[in-house]
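Shown next, in structure tokens, is the structure this report addresses.
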Amino acid sequence: MATDLITTGKADGSMRELARLALSTDWTSEKGMAVLNGADPQDAIAAYESGLKPLAEAEPNFDGPGSKGLRDWLKPIGMKISPSMAPEVCSTWLTAVVMALSDFPAKAATQAARNAIRTPMQFLNEVDGHVRAEAEKLMDAHRYALRRLRWMQEDIQRAAKPEQPQIASPGEDGRPLTNDEIRALSGSFRRIGLTNGWLTQEQIDAAEAETAPPLDITKDAA
Numbered sequence: 001m002a003t004d005l006i007t008t009g010k011a012d013g014s015m016r017e018l019a020r021l022a023l024s025t026d027w028t029s030e031k032g033m034a035v036l037n038g039a040d041p042q043d044a045i046a047a048y049e050s051g052l053k054p055l056a057e058a059e060p061n062f063d064g065p066g067s068k069g070l071r072d073w074l075k076p077i078g079m080k081i082s083p084s085m086a087p088e089v090c091s092t093w094l095t096a097v098v099m100a101l102s103d104f105p106a107k108a109a110t111q112a113a114r115n116a117i118r119t120p121m122q123f124l125n126e127v128d129g130h131v132r133a134e135a136e137k138l139m140d141a142h143r144y145a146l147r148r149l150r151w152m153q154e155d156i157q158r159a160a161k162p163e164q165p166q167i168a169s170p171g172e173d174g175r176p177l178t179n180d181e182i183r184a185l186s187g188s189f190r191r192i193g194l195t196n197g198w199l200t201q202e203q204i205d206a207a208e209a210e211t212a213p214p215l216d217i218t219k220d221a222a
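Residues 1 to 222 in the UniProt record's numbering are what the sequence shown spells out, letter by letter.
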């Protein structure tokens with residue numbers, strides 16, 4: 001469910017992988033940049049935000065696939081509590097609970113209902129509270145994942161700021177990065193430099209060559 005929140009056309013495999021990483025304990029900005037591989041992080045942020053749209057906003061008439069999916073998982077909870085509930089009563093109850101939970105994204109509320117089905121409940125009026133508590137936990141995780149993506153975007157923007165050491169272009173006073181500065185850059189920031197044009201592969205090769213051990217020509221002479 002975590003990555004299912006990303007549902008826009010921009011959510012290709014790399015975007016889903018980025019969402020999965022942002023939700024995990026394995027996250028670092030550098031790992032996120034590696035998954036992006038030079039793509040615009042704003043696309044991932046926009047896709048994630050779109051997936052967090054409340055059900056009431058996405059389906060105001062509660063007749064779309066999100067509402068139906070939520071009803072499908074609420075129904076067994078209701079039948080577990082009240083097996084003899086009449087169909088018309090069940091339908092009215094389901095509509096009321098879906099509307100009550102519509103301030104959450106459909107998929108977050110649906111996953112919460114799936115989790116809540118394991119929770120012992122005696123009365124129908126307990127369902128909303130239990131599902132809501134599960135949904136809040138899921139949303140806390142998604143909000144934090146979204147903050148991670150924004151922090152990564154800020155890291156990328158800082159790396160590309162004009163005040164950072166840059167390669168001199170014709171008519172500009174910028175200075176090129178020194179070899180020491182290039183070697184200090186992580187792989188992710190080197191890729192950003194290559195993508196944005198303030199670093200070349202030749203500069204990277206030259207910087208790395210400085211650290212190569214000198215050839216021992218005495219062995220050949222022996």
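By construction, the Cβ of each residue, glycine as well, lies at the ideal position given by its N, Cα and C atoms.
Computed from a predicted model, the values in this text were never measured in an experiment.
Inter-residue distance for R143 and N196 is about 29 Å (C-alpha atoms, whole angstroms). When DSSP states are grouped into helix, strand and coil, N115 belongs to the helix group. Around the beta carbon of K107, a 10 Å sphere encloses 16 or more other beta carbons of the protein chains shown; the residue is thus reported as buried. For W93, the CB contacts under 7 Å within the same chain, skipping 5 residues up- and downstream, are G78, L124 in chain order.
Boundaries of the alpha helix (DSSP H) harbouring Q42: 41–51, taken from the DSSP string. Annotation for A116: H130, V131, E134 place their beta carbon closer than 6 Å to its own, counting only its chain and skipping 5 residues before and after. Sixteen is the threshold: when 16 or more other Cβ atoms of the shown chains lie within 10 Å of the Cβ of P41, as they do, the residue is buried. Judged by DSSP in its simplified three-state form, A206 adopts helix. If you look at D180, you'll find it in the alpha helix (DSSP H) that goes 179–184. Inclusion of A58 and M99 in the CB contact set at 9 Å is not warranted, their separation being larger than that value.
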